[in-house]
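Residue numbers (our numbering): 7 to 422. Accompanying notes for the structure given below.
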Amino acid sequence: MTAFAPACETSLDLALTGRGLAADLCSSQDQRRSFKIQRLNPPGIHSSKNLSSLTPSLPLGLAYVAAALERTGFSVGVIDAIGEAPSRVEKEGVFRRVGLGTADIIRWIDADTRVLALSVMFSFLWPSTRKLIHGIRAARPDLVIVGGGEHFTGLTEASMEQAPLDFIVMGEGEETAVVLMDALAAGLTDYERVSGVAWRDGGRIRVNARRSRHRDVDDLPWPAWHLFDVRAYDERGLVNGIHKGLTIPILATRGCPYQCTYCSSPSMWTQRWLPRDPVDVAEEIEHYVRTYGAANFPFAIIRKDWTVAFCRELIRRKLEVVWQFPSGTRCEAIESVNLRLRAENNFCEHLSASAFTFAKYWVFLNFYLASLLARRSPLMRVLSSLWTSREDSKLEALVQEIKRRFKVSLRLAQTP
C-alpha cells in the first residue's frame, strides 16, 4: 500500500484559493493533466404517477465539482446524457427515461478515461442509474467509478452494496473530489486518509469520517457551464419553475440551519449555513447574462439582509433578470420591504412555495402540515408574507400542489 502524504491535504486550500491554477498537490502537474476524468450526468426520469420526480435541469453540483477539478489542473470532460439528447424519451418500466441510453453513454466514454464520476441528486433516479452503472462496469472493467450527490451521501453503504462503485464522495464535493483524484493520479492507495469518501477495501466497504465544510465559499470557482450545452436545456424547457428566458441555476448559499424532517440537507451539508457575498453572486449572474444571454435565475434564500443587499447590487448593475424563489425560501426573507424592492425594479416575477400552496381552501391545511414537518416558520409570519406579496407586488404564484395531487400526497403520508 502506498501511503497518502498528509501534505496533500494541507495544500488543498492553496489549490482552491483564488481564481488561478492549482498549487502543488501530491501528484505532479503532468500527472494531473494526463489523468483523464469524465463526469457523467445520468439520464433523467419522468413519470405522471410519481409524486417525487422533477423536470431534468442543469446539474449544478456536477458543474461545481468539475470546476474545482479543472482549477487544480485535471483534464475534465462531461458526458451529459440529458443535454446531449434532451428530446430522446424511452419507456423504462412505468417510467420515461430522458436522454442517452446505456449503449450510447458507454460509447461516449473515451478510451483513455481513468475515472468516471457520476452524480445522483434524488433517489427516484437510483434504480435507473444503478442499471446504468452495472452496464458500464461490464463494458469497461478498467474504469474507476465514483458516485456523489445527495442520494449517495444519504444511502452510502446501500449504494455500494447495490452497484459496482469504487468510491463515493460524501457531502460537499469539491475538496474531497480533488483530494481523491489527486491520490489516484499519484498512484497512492492509502484511501483511509481521504476524509469524506467511502471505498472498497478488498471485500469490505469502508466509510471514512466526513470532511469539514469549506468555509470560504467565495473562493470556490463558479460552475463549469462551458462543459455543458446550456441552451439545449432551455430550448426544450428543461428547467425547474416557470420558464422566463434562458435559465441557469445559482447556488447563493450553502447548507441550511433548519431540520425539516423531509429534507436531506442536514446529511448533505450539515446545518452550517454559509452565504456567498451578494456582490459575487450578482457578478456571476452578470457573467451569464453576457455569456449565454441568460435571463432567469432560480435560487432560495433565508435571510432578509442578504436579500436586500443582493437586490441593491442588481439595481446598481442595471440587470434586468428574473429571480425565482423555489421551495426552500423562508418567509422571513420575503417581507414587505423586500417584495416592493424586487417588484419595483422588475427582476422578481415568481414566488414558488412547495409546502405552502396559494390554492384557495388548501392554504391553511398546507401550513398545518408544514408545522408538523418542522419547518419552524411561525404561521402568522407566513400568512403575513403571503398577504404582503398579494398587496405589494405583482408576483406570479405557481401552485405546485394542485388539489388532486395534494389529496394523493396526504393519503400517502397517512399510510401506515
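For every residue, glycine included, the Cβ atom is placed at its ideal position computed from N, Cα and C.
Inset, instruction - Could you say if the region 275-288 and the region 250-266 meet the contact criterion of at least three C-beta pairs nearer than 8 Å? - result: yes
Legend entry - Nearest-angstrom Cα separation, counted from residue 87 out to residue 107: 8 Å
Legend entry - At least three beta-carbon pairs within less than 8 Å, the region 177-191 to the region 131-145: no
Inset, instruction - Tell whether a beta-carbon distance below 8 Å holds between residue 244 and residue 133. - result: When the beta-carbon positions are compared, residue 244 and residue 133 stay at least 8 Å from each other.
Inset, instruction - Answer yes if the region 42-49 comes into contact with the region 81-97, meaning at least three C-beta pairs across the two stretches below 8 Å, and no otherwise. - result: yes
Inset, instruction - Could you tell me whether the region 66-74 touches the region 120-138, where touching means 3 or more Cβ pairs closer than 8 Å? - result: yes
Legend entry - Under 8 Å between C-beta atoms of residue 193 and residue 217: Not in contact: residue 193 and residue 217 (Cβ atoms no closer than 8 Å).
Inset, instruction - Measuring alpha carbon to alpha carbon, tell me which of 50, 208 and 252 ends up nearest residue 65. - result: With respect to the C-alpha of residue 65, the residue from 50, 208 and 252 having the closest C-alpha is 50.
Legend entry - Neighbourhood of residue 215 by C-beta, 7 Å cutoff - its chain only, sequence neighbours within 5 removed: 201
Inset, instruction - Return yes when the Cβ of residue 34 is within less than 8 Å of the Cβ of residue 160, no when it is not. - result: no
Legend entry - Selection from 131, 75, 294 and 306 that minimises the alpha carbon distance to residue 101: Among 131, 75, 294 and 306, the Cα nearest to that of residue 101 is on 131.
Legend entry - Cβ pair residue 252, residue 237 closer than 8 Å: yes
Legend entry - Inter-stretch contact (C-beta, 8 Å, three-pair minimum) for the region 147-157 and the region 89-98: no
Inset, instruction - Compute the Euclidean distance between the alpha carbons of residue 221 and residue 99, then round it to the nearest angstrom. - result: 43 Å
Legend entry - Check whether residue 259 and residue 291 have beta carbons under 8 Å apart: no
Legend entry - beta strand (DSSP E) segment containing residue 225, residue limits: Counting along the chain, residue 225 falls outside any beta strand (DSSP E), and DSSP gives it neither H nor E.
Legend entry - Per DSSP, the bridge partner or partners of residue 83: 44
Inset, instruction - Classify residue 117 as buried or exposed, calling it buried when 16 or more other Cβ atoms lie within 10 Å of its own Cβ. - result: exposed
Legend entry - Own chain partners of residue 294 with C-beta closer than 6 Å, once the 5 adjacent residues on each side are dropped: Only 254 and 300 meet the Cβ criterion.
Inset, instruction - Buried or exposed for residue 103, please, with buried defined as at least 16 other CB atoms from any protein chain shown within 10 angstroms of its CB. - result: Counting Cβ neighbours within 10 Å, residue 103 comes out buried, since at least 16 surround it.
Legend entry - Member of 154, 175 and 167 whose CA lies at the smallest distance from the CA of residue 211: 167
Inset, instruction - Quick one: using the 10 Å Cβ neighbour count with 16 as the cut-off for buried, is residue 224 buried or exposed? - result: exposed
Inset, instruction - State the Cα-Cα distance for the pair residue 310 and residue 152, rounded to the nearest angstrom. - result: 38 Å
Inset, instruction - For residue 123, write down the residues that DSSP places opposite it in a beta bridge. - result: 45 and 152
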